[in-house]
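Student: One structure follows; several queries about it will come next.
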Amino acid sequence: MTATVATGSPEPTATAHARSFSLADQQLFAALSGDRNPMHLDAQAARRTQAGDCVVHGVHAALWALDCLAADGVPLSSLASLRVAFNRFIHLDQPVRLTWRSPAAGSLKAQVELEGTAAVTLTLKFGPRGEADVAGWSGLSDLAIGNVPDQPASATFPDIAGRLVAPAASETFGAAFPHACQALGTARISALALLSTLVGMICPGLHSVFSGFAVKLTEPANAAGLFVRTRSFDERFRLATIDISGSGVAGEVSAFERFAPVESRFADLAAQVTPGEFVGRRALIVGGSRGLGAATAKLIAAGGGQAVITYVRGAEEAEKVRAEIVAACGAKSCTVLPFDAARDAAPQLAGLSGEITHFYYFATPRIFRQSGTVFDPAVFTEFLRFYVDGFAATLQALLERSGGTLHALYPSSVAVADRPKQMTEYAMAKAAGEILCADMARAQARLTISAPRLPRILTDQTATVPPVEAADAVATMLPLLRAEA
1 MTATVATGSP EPTATAHARS FSLADQQLFA ALSGDRNPMH LDAQAARRTQ AGDCVVHGVH
61 AALWALDCLA ADGVPLSSLA SLRVAFNRFI HLDQPVRLTW RSPAAGSLKA QVELEGTAAV
121 TLTLKFGPRG EADVAGWSGL SDLAIGNVPD QPASATFPDI AGRLVAPAAS ETFGAAFPHA
181 CQALGTARIS ALALLSTLVG MICPGLHSVF SGFAVKLTEP ANAAGLFVRT RSFDERFRLA
241 TIDISGSGVA GEVSAFERFA PVESRFADLA AQVTPGEFVG RRALIVGGSR GLGAATAKLI
301 AAGGGQAVIT YVRGAEEAEK VRAEIVAACG AKSCTVLPFD AARDAAPQLA GLSGEITHFY
361 YFATPRIFRQ SGTVFDPAVF TEFLRFYVDG FAATLQALLE RSGGTLHALY PSSVAVADRP
421 KQMTEYAMAK AAGEILCADM ARAQARLTIS APRLPRILTD QTATVPPVEA ADAVATMLPL
481 LRAEA
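Numbering (full-length UniProt numbering), first residue to last: 1 to 485.
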């Protein structure tokens, strides 16, 4: 199709552009740009981020959109400015589609849509271009792009100034984004790709979330690389603003520094526990490799109890927790068990030795979802599988293998009553879990279950940007552990 942006037609233009991004696509863009941030490439590392799993480089999605627009005949050769906002994560293998329209003469708005909402928004304006500012960026040295992202500390956020050069040859960009390179020039596409590297590898680096960028196109578009200079860092929102210029683009980048994975050091937890207060307690902690589960295991062990922690994918994390506990409390204080709450519980517990007196259930899928609908049946089904089916099956398997009293803790949520937006399915599943707990306890004389509605607690999943107030895991769990028999 041939597009005209001067008409100002308010009608959306239907397109047939749709795709998903695979791990191979991620690896290709990492090689092109130099952005090897593990949240895009390493599933194990990514699960400890706000995203919960590997996500697409936002700039990759934006460049794909530009390539599609150029293929549609949008006259990018007269593009004067580009503003891009990264609104939500795109996970690997999720289908996305590109839509675009011309809301006014000389402008165009495009969206990379995921599940009915805009994951990436591009605003394009057309017209004459200004001259490149060369003098204002002279004398800067090249910045090295390593294989491991930098980790600047927000308390002493660094002043960074220098030049980035893409590691890939120009013809490689031409093969990946042929239409965009032809319309805008390979140097500009390379410079835009380097924005991903700037954020993911340099500043903020390892713990980064790209918010967006705004650039004006300049002439000439030489192959001088991309000059960068940090402008400011807002501690309140953990937001970095960085000026950029070079290769035919000039403007600014905005990126958040997200929180590092949440860790609870054993020594800090043990200092809050009375020695011996949990003696005689042998607890199965499903989901004990990190977050609330790991904190619970450490508290119980610090109080003289024994913890059996489970994991699904986090074998290394679980072993790290076990080693920390055993080093302080002895070999019998903690053991590790692979366990998937979404599978049949009884066979997985067959190798569990000894009497379990307490059961703590922290199995969870990714909690925070962004959807264009109020209710998504597939999401609700997934939450039910973890928060109802998995809990019931595991609890029943424990009851069948033991004749003693069993004390269980089911972590419900204040979301059941508060009903935050875009958490309908989560709140419904937790409410169903509360009913299940009440009825199972009523049916079993040797079973007690507490289902406290926990506040938002600082964990890997809730350590979001911009920051949202969250309670401390230890301060929340320790009183609950003490309240149990």
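C-beta: ideal position from N, C-alpha, C; glycine also.
With C-beta atoms as the reference, is residue 63 less than 7 Å away from residue 177?
Tutor: For this step, residue 63 is matched to residue 63 along the sequence shown. For this step, residue 177 is matched to residue 177 along the sequence shown. Yes, these two residues count as a Cβ contact at 7 Å.
Student: Identify the residues that DSSP records as bridge partners of residue 164: which are they?
Tutor: Along the sequence shown, read from residue 1 onward, the residue named residue 164 stands at position 164. In the DSSP output, where bridge partners are listed per residue, residue 164 has 226.
Student: Considering only DSSP beta bridges, list what residue 255 is partnered with.
Tutor: The residue given as residue 255 occupies position 255 in the sequence shown. According to DSSP, which records beta bridges pairwise, residue 255 is partnered with 210, 240.
Student: Are the Cβ atoms of residue 242 and residue 226 separated by less than 7 Å?
Tutor: Taking the first residue of the sequence shown as 1, we reach residue 242 at position 242. Taking the first residue of the sequence shown as 1, we reach residue 226 at position 226. Contact flag unset, no.
Student: Is the distance from the Cβ of residue 207 to the Cβ of residue 290 below 7 Å?
Tutor: Working through the sequence shown from its first residue, we reach residue 207 at position 207. Working through the sequence shown from its first residue, we reach residue 290 at position 290. No, they are not a contact pair.
Student: Report buried or exposed for residue 298, applying the criterion of at least 16 other Cβ atoms within 10 angstroms of its Cβ.
Tutor: Counted from its first residue, the sequence shown places residue 298 at position 298. Residue 298 is buried by the Cβ-count criterion.
Student: Could you say which of 32, 273, 89 lies nearest to residue 24 if we only look at CA atoms?
Tutor: Taking the first residue of the sequence shown as 1, we reach residue 24 at position 24. It is 32 whose Cα lies nearest to the Cα of residue 24.
Student: Do the stretch 90-107 and the stretch 58-72 touch if we need at least three Cβ pairs shorter than 8 Å?
Tutor: Result yes; three or more Cβ-Cβ pairs closer than 8 Å.
Student: With distances taken Cα to Cα, identify the nearest neighbour of residue 477 among 444, 335, 295.
Tutor: The residue you call residue 477 lines up with position 477 of the sequence shown. The candidate whose alpha carbon is nearest that of residue 477 is 295.
Student: Touching or not, the stretch 336-354 and the stretch 391-398, by the rule of three or more beta carbon pairs under 8 Å?
Tutor: Segments in contact, yes.
Student: Are the stretch 308-322 and the stretch 28-48 touching, with three or more C-beta to C-beta distances below 8 Å?
Tutor: Enough Cβ pairs lie closer than 8 Å, so yes.
Student: Got a sec, what are the start and stop residues for the beta strand (DSSP E) residue 100 sits in?
Tutor: In the sequence shown, counting from the first residue as 1, residue 100 sits at position 100. 96-101 is the extent of the beta strand (DSSP E) around residue 100.
Student: Could you tell me whether the stretch 408-425 touches the stretch 361-380, where touching means 3 or more Cβ pairs closer than 8 Å?
Tutor: Contact holds: three or more Cβ-Cβ distances are below 8 Å.
Student: DSSP puts residue 442 in a beta bridge; with which residues?
Tutor: The count along the sequence shown starts at 1 and reaches residue 442 at position 442. In DSSP, residue 442 forms no bridge with anything.
Student: Classify residue 204 as helix, strand or coil using the three-state DSSP reduction.
Tutor: Within the sequence shown, residue 204 is the residue found at index 204, counting from 1. Reduced to three states, the DSSP call for residue 204 is coil.
Student: Taking the straight line between their C-alpha atoms, what separation do you get for residue 160 and residue 366?
Tutor: Here residue 160 corresponds to residue number 160 of the sequence shown, with the count starting at 1. Here residue 366 corresponds to residue number 366 of the sequence shown, with the count starting at 1. Cα to Cα, the separation comes out at about 35 Å.
Student: Does DSSP put residue 248 in a helix, a strand or coil?
Tutor: By one-based count along the sequence shown, residue 248 stands at place 248. Here residue 248 sits in coil by DSSP.
Student: In this structure, how does DSSP classify residue 45 when only helix, strand and coil are distinguished?
Tutor: Counting from 1 along the sequence shown, the entry for residue 45 is found at position 45. Three-state result, residue 45: helix.
Student: Residue 296 by DSSP, collapsed to three states: which one?
Tutor: Looking up residue 296 in the sequence shown gives position 296. Note: residue 296 maps to helix in three-state DSSP.
Student: Out of 448, 22, 49, state which residue places its alpha-carbon closest to the alpha-carbon of residue 56.
Tutor: As a position in the sequence shown, residue 56 is number 56, starting the count at 1. Selected option, being the one with the closest Cα: 22.
Student: Find the nearest neighbour of residue 277 within the set 479, 28, 165, judged by alpha-carbon distance.
Tutor: Here residue 277 refers to the residue found at position 277 of the sequence shown. For the residues 479, 28, 165, the minimum Cα distance to residue 277 belongs to 479.
Student: Assuming residue 110 contacts residue 122 under a Cβ cut-off of 8 Å, what Cβ separation, rounded to an integer in Å, is found between them?
Tutor: In the sequence shown, residue 110 corresponds to position 110, counting from 1. In the sequence shown, residue 122 corresponds to position 122, counting from 1. Yes, residue 110 and residue 122 are in contact; Cβ-Cβ is about 4 Å, under 8 Å.
Student: So what's residue 464 in DSSP terms, helix, strand or just coil?
Tutor: Residue mapping note: residue 464 aligns to position 464 of the sequence shown, counting from 1. Looking at residue 464 - three-state DSSP - the assignment turns out to be coil, as it is neither helix nor strand.
Student: What are the start and end residues of each continuous beta strand (DSSP E) run of 3 or more residues lying completely inside the stretch 58-101, in chain order?
Tutor: Those beta strand (DSSP E) runs which fall completely within the stretch 58-101 and span 3+ residues are 79-86, 96-101.
Student: Just to confirm the assignment, what range does the alpha helix (DSSP H) spanning residue 324 have?
Tutor: One-based indexing of the sequence shown puts residue 324 at position 324. That run of the alpha helix (DSSP H) goes 315-329.
Student: Would you mind giving the Cβ-Cβ distance between residue 409 and residue 356, rounded to the nearest angstrom? I have them listed as a contact below 8 Å.
Tutor: Here residue 409 refers to the residue found at position 409 when the sequence shown is read from its first residue. Here residue 356 refers to the residue found at position 356 when the sequence shown is read from its first residue. No, residue 409 and residue 356 are not in contact; Cβ-Cβ is about 13 Å, not under 8 Å.
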